[in-house]
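S.K.: Below are the structure tokens for one structure; questions will follow.
Structure below.
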């Protein structure tokens, strides 16, 4: 590089940086910035776009009621584009450049794992709204989705029960990354503890964005044809679910013969699929849109109105789902914690989040555990209906405490139920 | 539980007026599955038309309880319900209803059903339903107390192609489950026959899925075989031309939804020409504005077209949004064709295989039977000489590029039916397309055809024993090694036409 160019470039960079520094405090004085870190393009956009909308809606709701500590919230939306390293970059940008007080974001565990070091290094605060595999407790993260004992294990237990079809053989099918691999490791250990033989478990993985499920369906059929009742546990994530369910419907694999229970498929993912051939297939979550209670009615109405106002694509048929509810609950819990701590300082807020309670659309007053950064949540199992909604066929009596360290993984019994260094 | 149902068919006269009974309705709306199932059995036992209608409503999810709320059922209740409905429908005058009912029953046979199945079998006149009933009856008597009946049943099951039957025969041929050696032998022989049939079916199914993948690869790569293979343009924006075709299909679906909702099922036919011309128009634009200034400069073309591909992706994001859009299969492409109980060929894939053949024919005729095709071939073989004898080489380049782009658009129509339609869908196919063209041999349409089908079938066979992730790796490694050994691909141009 020539010297003159170098000087010019440096001057330009400095000028830009200075401009950034000058403008920011002026804005930050009367608003609190919050970051929204969800993929708005790429394979995960199918699931995460709705979470961004939910977060914006919740922020608008809070602002309309006077904001947090008298300050309005200001959302900073970035698009990490289903690209895992980009998640870390964008998280860093949100924390250092935009100086947000909190970030709501991530769906896949691989994206969470890639932002974790950033939040740790910069002492940021992340609310993660999706069910996941556990095996993690970060001081800087609050998990508002389900841990394995709040979703995966009850779902498998249900399929083993008489009402669930008393399944004896298991296909563990997933996308090839950390969440499905870890969940299946836990499930395999759980199934073995229930006396299921090695030969009665089949594990299969496909890459992200995979769209040809012919071989997998044929394999499932063959595996199911060996005489014992078979069930499929699907941890397929993202838009691969659309071709998977299309193929499942076309191949005529009925839920009464081989039920498929999914952990990452909700109302939103099924919007693009003809659900008539899929009636009876299952999903396990902590919330379904079909639950009837006043909080949920208000939540659904709020989202429908928001979709209409924002002119979202196909606003007339928008749905709500579990991670959207978890996002909504997470933002409110953060608001309550800030008000309790009377500060947006990360350490003070972290200390205040534990023990927060909120009347959630799931119909329960749910609580953030005092220690383990997870919510106490009810577990629900639903069957797909012809209209793409879920019909709840099993639920726990009340909220269940999360066990992020699954007892089915050896060595976990020695781990503490709270983050290190807290 | 089942035999309650079966009793009803023997004594149809035993009519309890359960359909109107509020107690049964209450039981049907009960919380516990056991209560619901008991109520279903009670209703089925009456065998009245109203009971049938009531059960049908319950199956459709339209039955309401006294509070006006839908009565919901779970899979276990649904299975019982479907079984009960099937038994009631066994005497339906309509052949298709009866056929479906027998298939439902055959998937869930137990010993108590044998007399009922025997009666239904003797009454049945339709041969294909009768054959199913014979098998179902044999399955029900496989564990009968009479060894002679067991042997007969095992023998009758030799013609089955059901994986469930195979498992039962296997169990019956083992000493632990069967004391008579005669029965064991018969069961084992039938087991072998069924197993062979199933293995054959499995192989056929695998070949079909390979064929299906091959036809998709071919549709994705055929346009590139013209632009890259024949014209030598390394078009990195090829995947985006596929995307344009897919979005054109989406747009046509929207047009039909709003303007011709009655003909919605046929939007796909209208989408074929629209996608072709939309992609061809974009192709012409690209060629006229950028690519034609770069002929003969491979590296610059590569960079320029890569830039164009990014621009096209962003354009799609701006116009249609970053999220995937929903393109529904028309009803005539939903569902599957059942060849055997163990293989169902999805209709959308069958149609796409046919469509790939149609496009291939179209390209072949265009290239070999028309004046335009002759010009294109002449220009590729010897540009200077073609120009000398009066072929307008510049215009031919444009038309050939437009043709390649248009065919990519057709590929997009096919992709929209099985994969997700989104702005970056093309990125996933560009590597596969180049793989096919390079493997097949640059400059050869036939090469692309063989390469696509070969890759499709090989990928599917590897996938079935090593999984999708490994299959992808193995295929890429194989292609790298193959290109090392044979850089010209499967089929190479020979003789004096070869440039340089």
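Protein chains in written order, with the working numbering: chain A, 953 to 1374; chain B, 4 to 503. Glycine is no exception: its CB is placed at the ideal position from the N, C-alpha and C atoms.
So residue 1280 (chain A) is in the alpha helix (DSSP H); what residue range does that whole segment cover?
M.R.: Walking along the first chain from the start, residue 1280 (chain A) turns up at place 328. 1274-1293 is the extent of the alpha helix (DSSP H) around residue 1280 (chain A).
S.K.: Report buried or exposed for residue 1365 (chain A), applying the criterion of at least 16 other Cβ atoms within 10 angstroms of its Cβ.
M.R.: As a position in the first chain, residue 1365 (chain A) is number 413, starting the count at 1. Exposed is the call here.
S.K.: With 8 angstroms set as the bound, which would you pick, yes or no: does the beta-carbon of residue 427 (chain B) sit closer than that to a beta-carbon of chain A?
M.R.: Position 424 of the second chain holds residue 427 (chain B). Answer yes: the Cβ-Cβ gap between residue 427 (chain B) and chain A drops below 8 angstroms somewhere.
S.K.: Could you name the residues of chain B that residue 1134 (chain A) contacts, counting a contact when the two beta carbons are closer than 8 angstroms?
M.R.: If you number the first chain from 1, residue 1134 (chain A) lands on position 182. Within chain B, no residue comes near residue 1134 (chain A); the closest Cβ sits about 17 angstroms away, beyond 8 angstroms.
S.K.: Verify whether the separation of the beta carbon atoms of residue 230 (chain B) and residue 407 (chain B) is less than 8 angstroms.
M.R.: For the purposes of this step, residue 230 (chain B) is identified with residue 227 of the second chain, where counting begins at 1. For the purposes of this step, residue 407 (chain B) is identified with residue 404 of the second chain, where counting begins at 1. Closer than 8 angstroms, so yes.
S.K.: Can you give me, in chain order, the residues of the region 1146-1161 of chain A that have a beta carbon less than 7 angstroms from any beta carbon in chain B?
M.R.: Listed by position along the chain: 1156, 1157, 1158, 1159 and 1161.
S.K.: With distances taken from CA atoms, which of B:480, B:282, B:461 and B:157 is nearest residue 206 (chain B)?
M.R.: Position 203 of the second chain, counted from the first residue, corresponds to residue 206 (chain B). Checking every option, the nearest Cα to that of residue 206 (chain B) belongs to B:461.
S.K.: What number of angstroms, rounded off, separates the C-alpha of residue 1058 (chain A) from the C-alpha of residue 1096 (chain A)?
M.R.: Locating residue 1058 (chain A) in the first chain gives position 106, counting from the first residue. Locating residue 1096 (chain A) in the first chain gives position 144, counting from the first residue. One C-alpha to the other measures close to 12 angstroms.
S.K.: Cβ closer than 8 angstroms: which chain A residues qualify as neighbours of residue 469 (chain B)?
M.R.: Translated into the one-based positions of the second chain, residue 469 (chain B) becomes position 466. The premise fails here: residue 469 (chain B) is roughly 10 angstroms from chain A at the closest Cβ pair, so nothing lies under 8 angstroms.
S.K.: Span of the alpha helix (DSSP H) holding residue 43 (chain B)?
M.R.: Taking the second chain and counting its residues from 1, the one referred to as residue 43 (chain B) is at position 40. That run of the alpha helix (DSSP H) goes 36-49.
S.K.: If you follow the beta strand (DSSP E) that residue 1186 (chain A) is in, where does it begin and where does it stop?
M.R.: The residue labelled residue 1186 (chain A) in the question sits at position 234 within the first chain. In this chain, the beta strand (DSSP E) harbouring residue 1186 (chain A) covers 1182-1187.
S.K.: Does the contact criterion of 3 or more C-beta pairs under 8 angstroms hold for the region 1244-1252 of chain A versus the region 1098-1117 of chain A?
M.R.: no
S.K.: Consider the Cβ of residue 1 (chain B): report whether some Cβ of chain A lies at a distance smaller than 8 angstroms.
M.R.: Residue 1 (chain B) is absent from the model: chain B starts at 4 and stops at 503.
S.K.: Can you check whether the C-beta of residue 456 (chain B) is within less than 8 angstroms of a C-beta belonging to chain A?
M.R.: As a position in the second chain, residue 456 (chain B) is number 453, starting the count at 1. No, no contact with chain A.
S.K.: Quick one: which chain B residues come within Cβ less than 8 angstroms of residue 1226 (chain A)?
M.R.: Start at 1 with the first residue of the first chain, and residue 1226 (chain A) comes out as number 274. Near residue 1226 (chain A) (Cβ distances below 8 angstroms), the residues of chain B are 331, 332 and 337.
S.K.: Which value, in whole angstroms, describes the spacing of the CA atoms of residue 1215 (chain A) and residue 1150 (chain A)?
M.R.: The residue labelled residue 1215 (chain A) in the question sits at position 263 within the first chain. The residue labelled residue 1150 (chain A) in the question sits at position 198 within the first chain. Straight-line Cα distance between these residues: approximately 23 angstroms.
S.K.: According to the neighbour-count rule (16 or more other Cβ atoms, all chains shown, within 10 Å of its Cβ), is residue 373 (chain B) buried or exposed?
M.R.: As a first step, residue 373 (chain B) is located in the second chain; it is residue number 370 there, counting from the start. Exposed.
S.K.: Cβ atoms of residue 1218 (chain A) and residue 1190 (chain A): under 8 angstroms apart, would you say?
M.R.: The residue given as residue 1190 (chain A) occupies position 238 in the first chain. The residue given as residue 1218 (chain A) occupies position 266 in the first chain. Their beta carbons are not under 8 angstroms apart, which means residue 1190 (chain A) does not touch residue 1218 (chain A) by this criterion.
S.K.: Can you look up residue 237 (chain B) in the DSSP assignment and give me helix, strand or coil?
M.R.: Position 234 of the second chain holds residue 237 (chain B). DSSP places residue 237 (chain B) in coil when its eight states are reduced to three.
S.K.: Just to check, is the beta-carbon of residue 147 (chain B) closer than 7 angstroms to a non-hydrogen atom of the ligand SAH?
M.R.: Ligands displayed in this structure: none; no statement on the ligand SAH is therefore possible.
S.K.: Could you tell me which chain B residues have their CB closer than 8 angstroms to the CB of residue 1204 (chain A), listed as they occur along the chain?
M.R.: As a working mapping, residue 1204 (chain A) is identified with position 252 in the first chain. What residue 1204 (chain A) touches in chain B: 338, 339, 341 and 347.
S.K.: For residue 1268 (chain A), count the other beta carbons within 10 Å of its own beta carbon; 16 or more makes it buried, fewer makes it exposed. Which is it?
M.R.: Stepping through the first chain from its first residue, residue 1268 (chain A) is reached at position 316. It counts as exposed.
S.K.: Run the CB neighbour count on residue 1358 (chain A), radius 10 Å, all protein chains shown included, and call it buried at 16 or more, exposed below.
M.R.: Locating residue 1358 (chain A) in the first chain gives position 406, where the first residue counts as 1. So residue 1358 (chain A) ends up on the buried side.
S.K.: So what's residue 1157 (chain A) in DSSP terms, helix, strand or just coil?
M.R.: Position 205 of the first chain, counting from 1, holds the residue named residue 1157 (chain A). DSSP places residue 1157 (chain A) in strand when its eight states are reduced to three.
S.K.: If we count the other Cβ atoms within 10 Å of its Cβ and call it buried at 16 or more, is residue 360 (chain B) buried or exposed?
M.R.: Your numbering for residue 360 (chain B) matches position 357 in the second chain. Per the 10 Å Cβ criterion, exposed.
S.K.: Of the choices B:90, B:283 and B:273, whose alpha-carbon is the least far from that of residue 109 (chain B)?
M.R.: The residue you call residue 109 (chain B) lines up with position 106 of the second chain. The residue with the shortest Cα to Cα distance from residue 109 (chain B) is B:90.
S.K.: Can you tell me which of the three DSSP states residue 142 (chain B) falls into?
M.R.: Counting from one through the second chain, the residue named residue 142 (chain B) turns up at place 139. Note: residue 142 (chain B) maps to helix in three-state DSSP.
S.K.: Quick one: residues in its chain with C-beta nearer than 6 angstroms to the C-beta of residue 358 (chain B), no 5 flanking neighbours on either side, listed in chain order?
M.R.: Translated into the one-based positions of the second chain, residue 358 (chain B) becomes position 355. Closer than 6 angstroms at the Cβ level, and outside the excluded window around residue 358 (chain B), lie 417.
S.K.: Taking the C-alpha atoms as reference points, what is the distance between residue 1090 (chain A) and residue 1350 (chain A)?
M.R.: By one-based count along the first chain, residue 1090 (chain A) stands at place 138. By one-based count along the first chain, residue 1350 (chain A) stands at place 398. Taking the straight line from one Cα to the other gives about 26 angstroms.
S.K.: According to DSSP, which residues form a beta bridge with residue 1400 (chain A)?
M.R.: Chain A is shown from 953 up to 1374; residue 1400 (chain A) falls before or after that span and cannot be answered.
S.K.: Whether or not the region 1074-1092 of chain A and the region 1340-1347 of chain A are in contact is what I'm after, with contact meaning three or more pairs of Cβ atoms, one per stretch, closer than 8 angstroms; do they touch?
M.R.: Taking 8 angstroms as the limit for Cβ pairs, the verdict is that the region 1074-1092 of chain A does not touch the region 1340-1347 of chain A.
S.K.: DSSP on residue 17 (chain B), reduced to helix/strand/coil?
M.R.: Numbered from its first residue, the second chain carries residue 17 (chain B) at position 14. Legend: pLDDT at residue 17 (chain B) = 40, less than 50; position of this residue unreliable, no value from coordinates given.
S.K.: Return no unless some Cβ of chain B is closer than 8 angstroms to the Cβ of residue 1363 (chain A).
M.R.: Taking the first chain and counting its residues from 1, the one referred to as residue 1363 (chain A) is at position 411. Under the Cβ criterion of 8 angstroms, residue 1363 (chain A) is not counted among the residues facing chain B.
S.K.: Could you give the DSSP three-state label for residue 226 (chain B): helix, strand or coil?
M.R.: For the purposes of this step, residue 226 (chain B) is taken as the residue at position 223 of the second chain. Residue 226 (chain B): helix per DSSP, three-state reduction.
S.K.: Are the beta-carbon atoms of residue 1004 (chain A) and residue 1029 (chain A) separated by less than 8 angstroms?
M.R.: Looking up residue 1004 (chain A) in the first chain gives position 52. Looking up residue 1029 (chain A) in the first chain gives position 77. In this structure, residue 1004 (chain A) places its C-beta atom within 8 angstroms of the C-beta atom of residue 1029 (chain A).
S.K.: Measure how close the beta-carbons of residue 1204 (chain A) and residue 169 (chain B) come, nearest whole angstrom, since I'm counting them as under 8 angstroms.
M.R.: As a working note, residue 1204 (chain A) is residue 252 in the first chain. As a working note, residue 169 (chain B) is residue 166 in the second chain. Incorrect: roughly 19 angstroms between the Cβ atoms, too far for contact.
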